[in-house]
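> What follows is a structure written as structure tokens; I'll ask about it next.
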Amino acid sequence: MISFLRRFVVESWLGRILAIVIFLAFVGWGVGDVLTNMADDPAIVAKVGSQKITTRDFAAALQAEMPRIAQQMGMPDVAHIPANVRQPMANEILQRLVGQAQVLEAAKDYGIQVPDSAVRDEIFGMPYFQGKNGQFDRQKFNSALANAGMTEQRLIGLVRDDLTARAVMEPLSTGAHVSDLVVNRTYGFETETHVLDVLRVPFASQAEPAAPDEASLKRFYDNHPWMFRSPEYRHARIVVLSPETVANQAPPTDEELHQLYDAQKERFNQPELRSVQLVTSSDQAAAQAVMTLWKGGADWNQLQASAKNSAAVEFNDARPSVLPSATLQKLVFGAEQGSIQGPEKTDTGWVVFRVTKVTPPHAQSFDDAKPTLRDEIAKVKGPAMVSASVPKLQDALAGGGMDTIPADLGAAPAAGFLDAKGMTKDGTPAPLPASGELRDAIVAKVFEQAKGAAPQLIEAKTQPRQGQPPASLGWYAVSVDDITPSQPQPYDAVKDKVLAAWKEEARHHEANEAATALYVAAGQKGGVSAVAPTGSDLQKDVMVSRARPVETLPRDLMGIVLRMPVGRSVMVEDDKGFVVATVTAVRHPDPKSDAIGIGRVRDGMTESLSSDMTAAFIQSLGERYKPKIIAAGARAAMSEAGFGDGS
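So for the sequence shown, the working numbering puts the first residue at 589; every next one is plus one.
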């Protein structure tokens, strides 16, 4: 019956909306004080206006949700979660209950009342209480409540609260509306397509320059001293505590690996997948016109732009069930890869399609999946294990430095010389027990820290992305005990490097001159295609839009051409050479001919507006209805739930 209770307090529509409250409550009134404020009634955990969260409410929520959280972390039960991790989990559950109370208090102020008939209909419609005939079964109802230890009045109260909260929150979600004008303009901005002729001038395509004389080579060496210095090397002692290091010390058991494999069998045993480009038309003549154009050599972008009054969509790595009709499933999964098929009559209209990729069925045995399963369990269990070891590692460093680190913490040591790029003196990557951003942070710290400075335990975090808070990568400490300064390398010792650098710069210069001449000529003679040499790397009719960027083009070029008029040329450089491009056309797709595309824009904007409205409303509730947290009640609830005294 835990799953039944979670319908109301975890998986209800209200519960999903109020997930935002957890974060807002942290910001609004500080979780650090949740279980430490003084209060007077141990039977109450929190008060929000006239709403009260009882110890029974909090204990029931803890018992329902803590095991689920433990399972998500890869723990067999709550007892395996460290106490310092368990406490923040309990805080978050209490925050959600506070958020629910704030919504109910708002409903009271608004005068919202749920009639008994609505509560009755809701309960009678629940599948938990229905018999084999699909009707409400009083005997099954009584039995279910008895098994859950819940009274009928308690259930009615939960359902009434859920319906009340929905009456407050659902209008915010369903009432969001974006005008046709805004949707059409956004669609037009995103789908405005610039057609380009693109010419590449690679560095590697330039002729091998003649070898310079000794004087020229020495002059190049003298003019570029920064290119021919030995790097600074530092000898550092390092200790790393991360999910990866603790996982290496305490790997998951075969039983845990089997449990995860069995739970995700569908993932490791995939059916055949197909990627397909599909055009659906309302009549056969329109579909035949698409077929003729496609077989005539038009690419997918051209087809989308010209397929008026037709829906053109792509399905990538799709299962049969993803396709909208059984007829279409049979057609797509029976076609040869690369062939253009149709027109064929289906439930959705006349279709023309091409299968672009076929991924055969894939079955991965348990033994083959073990490395993946092990990594995934480590990612789940690692953060909690790291959190439990951080205080001990900090104490060890403070007490005796790098020489007193216990072997059972899951921390990994390393020592040796490395440069600012993390390379050893023999030119290989330094064997640090870290990768990615954590490794970069450690190397940077080695070259920031003063020689002989005491090691300090530091937490590395990811860079914030798209408004998301940074996540912890792990902890590390560094001690630098020797520095070999950077110094110039003698000309005779690096002569080969000097020659290679001279040739590279010569090729770069030649490519620059060639591309500049083409760019100037393109501006004078009507575009790059008119001046491109025979056999050059010219691409014609490359279509670019904000909704469909071309990954093979330089990012700088993408940002420029989308603001350029027809006939204008541009020249940019990337790591492989120079690119000269001319805008040959600008196309504006008609929203009326792309119902799917305009629908996606509308749905995305409506969802964003709805989310903003809901978040703003919930934040306002936190400001209007300040909660009062009662420490004694929280401790009593924690004890009642079997998770300690809450201190």
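In this text, a Cβ means the ideal position worked out from N, Cα and C, and glycines have one as well.
All of these numbers come straight from a predicted model, not from anything done at the bench.
With Tyr1064 and Val828 assumed to form a contact (beta carbons below 8 Å), what rounded beta-carbon distance in angstroms separates them?
5 Å
> Can you tell me the Cα-Cα spacing of Ala1135 and Pro1142, whole angstroms?
16 Å
> Between the Cα of Ala1241 and those of Glu1025, Leu1045, Asp963, spot the shortest distance and give me the residue it belongs to.
What the structure shows of the chain is the stretch from 589 to 1235, and residue 1241 is not part of that stretch, so it cannot be assessed.
> From Val783, Ile744, Ala634, pick the residue whose C-alpha is nearest to that of Ala1173; which is it?
Considering only alpha carbons, the answer is Val783.
> Kindly examine the ligand COA and report whether one of its heavy atoms sits closer than 7 Å to the Cβ of Thr936.
Questions concerning the ligand COA fall outside what the structure shown contains, since it holds no ligand whatsoever.
> Report the CB separation of Ser1117 from Thr1170 in whole angstroms; it is logged as a contact under 8 Å.
7 Å
> Please report the residue range of the alpha helix (DSSP H) in which Trp882 lies.
Run containing Trp882: 872-883, per the alpha helix (DSSP H) assignment.
> Taking the alpha-carbon positions, what's the Gln1300 to Glu710 distance?
The question about residue 1300 has no answer here: the residues shown for the chain are numbered 589 through 1235.
> Near Trp1090, which residues of its chain fall below 7 Å by C-beta distance, leaving aside the five closest residues on each side in sequence?
Pro800, Leu805, Phe808
> From the DSSP output, in three-state form, read off Ala984 for me.
helix
> Could you give the DSSP three-state label for Asn735: helix, strand or coil?
helix
> Assuming Ala753 is part of the alpha helix (DSSP H), what are its boundary residues?
740-762
> Less than 8 Å separating the beta-carbons of Ala900 and Val864?
no
> With DSSP run on the structure shown, which of helix, strand or coil describes Gly1267?
Because the chain here runs from 589 to 1235, residue 1267 falls outside it and cannot be looked at.
> Could you say which of Gly637, Arg822, Val633, Ala631 lies nearest to Gly1212 if we only look at CA atoms?
It should be pointed out that residue 1212 corresponds to Arg in this sequence rather than to Gly. If we check each option's Cα against that of Arg1212, Gly637 comes out closest.
> Answer with buried or exposed for Lys635, where buried requires no fewer than 16 other C-beta atoms within 10 angstroms of its C-beta.
buried
> In terms of residue numbering, what span does the beta strand (DSSP E) encompassing Gly930 cover?
928-934
> Please list the terminal residues of the continuous alpha helix (DSSP H) segment that includes Met1159.
Run containing Met1159: none in the alpha helix (DSSP H); it sits in the beta strand (DSSP E), 1157-1161.
> Expressed to the nearest angstrom, what Euclidean distance is found between the alpha-carbon atoms of Pro908 and Arg855?
16 Å
> Do you know whose CA, among Gly1192, Pro831, Ala873, Asn904, lies nearest Arg862's CA?
Asn904
> For Leu1209, which option in Leu682, Val633, Val691 has the closest C-alpha, if you only look at C-alpha atoms?
When each option's Cα is compared against that of Leu1209, the closest is Val691.
> Whose C-beta lies closer than 6 Å to the C-beta of His950 among residues of the same chain, with five residues either side of it excluded?
Gln858
> For Pro1137, which of helix, strand or coil comes out of DSSP?
Coil.
> Can you have a look at Tyr698 and say buried or exposed, based on whether 16 or more other CB atoms are within 10 angstroms of its CB?
The residue in question, Tyr698, is exposed, as its Cβ has fewer than 16 Cβ neighbours within 10 Å.
> If you draw a straight line from the alpha carbon of Glu1036 to that of Leu1026, how long is it in whole angstroms?
15 Å
> Can you check DSSP and say which residues form a bridge with Gln1075?
According to DSSP, Gln1075 bridges with Ser818.
> Nearest to Ala957 by alpha carbon, out of His846, Asn721, Trp888, Pro931?
His846
> With a threshold of 6 Å on Cβ separation, who are the neighbours of Val619 within its own chain once the five nearest residues in sequence on each side are excluded?
Caution applies to Val619, whose pLDDT of 29 falls short of 50 and renders its modelled position unreliable; the value that the coordinates give is listed next. Correct list, in chain order: Asn679.
> Using 10 angstroms around the beta-carbon of Glu538, count the other beta-carbons present and answer buried if the total reaches 16, otherwise exposed.
Given that the chain is displayed from residue 589 to residue 1235, the structure contains no residue 538 and the question cannot be resolved.
> Ile1030 lies in the alpha helix (DSSP H); which residues open and close that run?
1024-1034
> To the nearest whole angstrom, what separates the beta carbons of Ser977 and Val834, a pair I think is in contact under 8 Å?
Correct: roughly 7 Å between the Cβ atoms.
> Using the Cα positions of Asp887 and Glu1101, report the straight-line distance between them to the nearest angstrom.
34 Å
> Tell me whether Thr779 is buried or exposed, calling it buried when 16 or more other Cβ atoms sit within 10 Å of its Cβ.
It counts as buried.
> Determine the DSSP secondary structure at Val619, reduced to helix, strand or coil.
Low local confidence applies: a pLDDT of 29 at Val619 is under 50, so the model's placement there is unreliable, with the coordinate-based value given in what follows. Three-state DSSP puts Val619 in a helix.
> Helix, strand or coil, according to DSSP, for Phe1231 in the structure here?
coil
> Using only alpha-carbon positions, find the residue among Ala1105, Val1066, Gly1185, Pro1215 that is nearest to Arg773.
Gly1185
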